[in-house]
Amino acid sequence: MTLVIAFLVVLAALLYFVLNSLRYEQRRKRIAGFIEEESNRGPTTINRLLVRFGKGSQKELEQKLVNAGYYNKEWAKYYFPAKVVFLLLVLVGVFFSELSDTNKMLVGLFTLIGVIVVPDLLLEVRRKALVGKTSSQLPYLLDMMSVCVQTGMTIEATLSYLSKELEAFDGDLCYQIKRTSDSAKIKGLEKALDDLSERIPTPAVRSFVLTLIQNLQYGTSVAHVLSDLAEDMRKIQVLTVEEKVGSLSAKMSVPLILFIMFPIVILILAPGIMQMSINIGG
Numbered sequence: 021m022t023l024v025i026a027f028l029v030v031l032a033a034l035l036y037f038v039l040n041s042l043r044y045e046q047r048r049k050r051i052a053g054f055i056e057e058e059s060n061r062g063p064t065t066i067n068r069l070l071v072r073f074g075k076g077s078q079k080e081l082e083q084k085l086v087n088a089g090y091y092n093k094e095w096a097k098y099y100f101p102a103k104v105v106f107l108l109l110v111l112v113g114v115f116f117s118e119l120s121d122t123n124k125m126l127v128g129l130f131t132l133i134g135v136i137v138v139p140d141l142l143l144e145v146r147r148k149a150l151v152g153k154t155s156s157q158l159p160y161l162l163d164m165m166s167v168c169v170q171t172g173m174t175i176e177a178t179l180s181y182l183s184k185e186l187e188a189f190d191g192d193l194c195y196q197i198k199r200t201s202d203s204a205k206i207k208g209l210e211k212a213l214d215d216l217s218e219r220i221p222t223p224a225v226r227s228f229v230l231t232l233i234q235n236l237q238y239g240t241s242v243a244h245v246l247s248d249l250a251e252d253m254r255k256i257q258v259l260t261v262e263e264k265v266g267s268l269s270a271k272m273s274v275p276l277i278l279f280i281m282f283p284i285v286i287l288i289l290a291p292g293i294m295q296m297s298i299n300i301g302g
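Numbering (this note's numbering), first residue to last: 21 to 302.
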């Protein structure tokens, strides 16, 4: 009986939020009708409601998926509906299972928390991994940019050219360069580079952006500077790997003590302790 009440409460809460969002959407449409005609290619009302209920706005969710490496923005429409469908399937399965009411409530509660937290957490983890991966590929980009600049191409033309040629090398890096190139045509190169440093906030990208901005402001030669910067980045990557290898011995000491030293001590002392126990018992 308790589980039935909890299930009804969850359904009532979902219906309340959906109806509340529906009323808000209707008011928004009436106001927007006096300003401009609604675009036919925009997301449907249901998708807007679901996305607003899940993440606050579709644009924010699309940006979050793009930052995690999922560049098809259409997937944002199915993000929250997939959460709801999975949650309902689990709740129905738990409801008809043979678990006790307490276990059913615990499973339902943990499933609800997992559906809310785990997908966003996985997206954040993937975003951080993608930032590190893209930043590590930056020296190759700098070398290719240096070659293009030496042939007489401008920085804008170089970015536009590499945004097509890098597709086979690294799709994620290619997307960032293409986005920067497209943004430079609208906002200007300096603003586009600033946006790139915000999307990939690493020291390597900041150095790259500052180098190009300095070239734009002062007209300095950038070809050899890019080559030197790429070499410095490779040295930093090698030093980082060496640092990790050097700290590996200290990290291995903990499992060494736990899994090797303690068993050896027990094997050495166990026969003597057993003999003492036998002598005392005798």
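For glycine and all other residues, C-beta sits at the position ideal for the given N, C-alpha and C. Just so you know, these numbers come straight off a predicted model, no measurement behind them.
Under the three-state DSSP convention, the category D252 falls into: For the purposes of this step, residue 252 is identified with residue 232 of the sequence shown, where counting begins at 1. Reduced to three states, the DSSP call for D252 is helix.
The stretch 82-94 in contact with the stretch 146-154 per 3-pair CB rule at 8 Å: Cβ pair count under 8 Å is three or more, so yes.
Whole alpha helix (DSSP H) elements within the stretch 83-142, 4-residue minimum: With a minimum length of 4 residues, the continuous alpha helix (DSSP H) runs that stay inside the stretch 83-142 are 99-115.
Option in T200, I298, P291, I280 with minimal Cα separation from E176: Counting from 1 along the sequence shown, the entry for residue 176 is found at position 156. Looking at T200, I298, P291, I280, the one whose alpha-carbon comes closest to that of E176 is T200.
Distance cut-off 7 Å: A250 Cβ against heavy atoms of the ligand MG: In the structure shown, the ligand MG is absent, as is every other ligand, since no ligand is present at all.
Per-residue burial, F228 [other beta carbons within 10 Å of its own, 16 or more giving buried]: Translated into the one-based positions of the sequence shown, residue 228 becomes position 208. Flag for F228 reads buried.
Whole-number beta carbon distance between L232 and V242, since they are thought to touch under 8 Å: Taking the sequence shown and counting its residues from 1, one reaches residue 242 at position 222. Taking the sequence shown and counting its residues from 1, one reaches residue 232 at position 212. About 7 Å separates the two Cβ atoms, so the contact holds.
Boundaries of the alpha helix (DSSP H) in which I197 is found, first to last residue: Here residue 197 is taken as the residue at index 177 of the sequence shown, counted from 1. Annotation: the continuous alpha helix (DSSP H) that includes I197 extends over 191-207.
Complete alpha helix (DSSP H) runs within the stretch 158-184 (minimum length 4 residues, chain order): Considered as a whole, the stretch 158-184 harbours 158-170 as its complete alpha helix (DSSP H) runs of no fewer than 4 residues, in chain order.
Given V167 as reference, the closest of V245, F100, K124, S273 once Cα atoms are compared: Numbered from its first residue, the sequence shown carries residue 167 at position 147. V167 has its Cα closest to that of V245, out of V245, F100, K124, S273.
Expected contact under 8 Å - CB spacing of S155 and I220 to nearest Å: Numbered from its first residue, the sequence shown carries residue 155 at position 135. Numbered from its first residue, the sequence shown carries residue 220 at position 200. Rounded to the nearest angstrom, the Cβ distance from S155 to I220 is 6 Å, consistent with a contact under 8 Å.
Own chain, CB closer than 6 Å to S217, minus 5 neighbours either side, in chain order: Against the sequence shown, residue 217 aligns to sequence position 197. Leaving aside the five residues that flank S217 on each side, the residues in its chain whose CB is nearer than 6 Å to its CB run, in chain order, V225, R226, V229.
Meets three-Cβ-pair contact criterion under 8 Å: the stretch 108-115 and the stretch 125-136: The answer is yes - the stretch 125-136 touches the stretch 108-115, with three or more Cβ pairs under 8 Å.
Cβ-Cβ distance between P159 and M253 below 8 Å: In the sequence shown, the residue the question calls residue 159 occupies position 139. In the sequence shown, the residue the question calls residue 253 occupies position 233. A contact, by the Cβ cut-off of 8 Å.
Cα-Cα separation between Y195 and D202, rounded to whole angstroms: By one-based count along the sequence shown, residue 195 stands at place 175. By one-based count along the sequence shown, residue 202 stands at place 182. Rounded to whole angstroms, Y195 to D202 spans 10 Å at the Cα level.
Coarse secondary structure for S155, derived from DSSP in three states: Sequence index remark: in the sequence shown, residue 155 carries index 135 (1-based). Helix.
Whether L182 touches I197 by CB criterion (8 Å): Position 162 of the sequence shown, counting from 1, holds the residue named residue 182. Position 177 of the sequence shown, counting from 1, holds the residue named residue 197. Yes, they are a contact pair.
DSSP state of S241 mapped onto helix, strand, coil: Reading the sequence shown from its first residue, position 221 is the one you call residue 241. In the three-state DSSP reduction, S241 falls in the coil class, being neither helix nor strand.
Coil, strand or helix - L186 by DSSP: On the sequence shown, position 166 is the one that residue 186 refers to. In the three-state reduction of the DSSP assignment, L186 falls in the coil class.
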